[in-house]
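*Asks:* Submitted below is the structure of interest, expressed as C-alpha cells.
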Amino acid sequence: LPIVQRYGGGLIALTINESGIPDTAEERVSVAEKIIERAAQYGIAKKDIIVDPLALTISSNPESAVVTLETVRCLHDKG
C-alpha cells in the first residue's frame, strides 16, 4: 500500500484471509471491505481497487460458483 500511495496506480484485492479463502460470500465481502478501508488510510481511492472474489473450481466445491456470484452481487450493491 505505501508503494501505491507513493507512486500511484491501482490494486487487485484478493479476498483471502489468514485462514485461506473464505467459504461464504459474507466472509469474502468482509475481507474486501477491510482491504478497501486500509487502502483508504493510504489515500487510495475505491475506484482504483479491483476486488477479485476468487472463483474456485466447481470440482473443489459444488457451491463455489454460487459463492463467487453472491460475493460479486454483494460488492456491487455496496458500491
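Residues in the sequence shown are numbered from 813 upward in steps of one, following our numbering. Every residue gets a Cβ at the ideal spot worked out from N, C-alpha and C, and that includes glycine.
On the CB-based measure, 16 or more other CB atoms within 10 Å of its CB, does residue 865 come out buried or exposed?
*Replies:* Sequence index remark: in the sequence shown, residue 865 carries index 53 (1-based). Buried, by the Cβ-count rule.
*Asks:* Where does the unbroken beta strand (DSSP E) through residue 864 begin, and where does it stop?
*Replies:* Position 52 of the sequence shown, counted from the first residue, corresponds to residue 864. Residues 861 to 864.
*Asks:* Among 858, 845, 825, which one has its Cα closest to the Cα of residue 886?
*Replies:* Residue numbering aside, residue 886 sits at position 74 when the sequence shown is read from its first letter. Comparing Cα-Cα distances from residue 886 to each of 858, 845, 825, the minimum goes to 845.
*Asks:* Would you decide whether residue 867 is buried or exposed? Buried here means 16 or more other CB atoms lie within 10 Å of its CB.
*Replies:* Along the sequence shown, read from residue 1 onward, the residue named residue 867 stands at position 55. That one is exposed.
*Asks:* Do residue 869 and residue 827 have their C-beta atoms closer together than 9 angstroms?
*Replies:* As a position in the sequence shown, residue 869 is number 57, starting the count at 1. As a position in the sequence shown, residue 827 is number 15, starting the count at 1. Their beta carbons are not under 9 angstroms apart, which means residue 869 does not touch residue 827 by this criterion.
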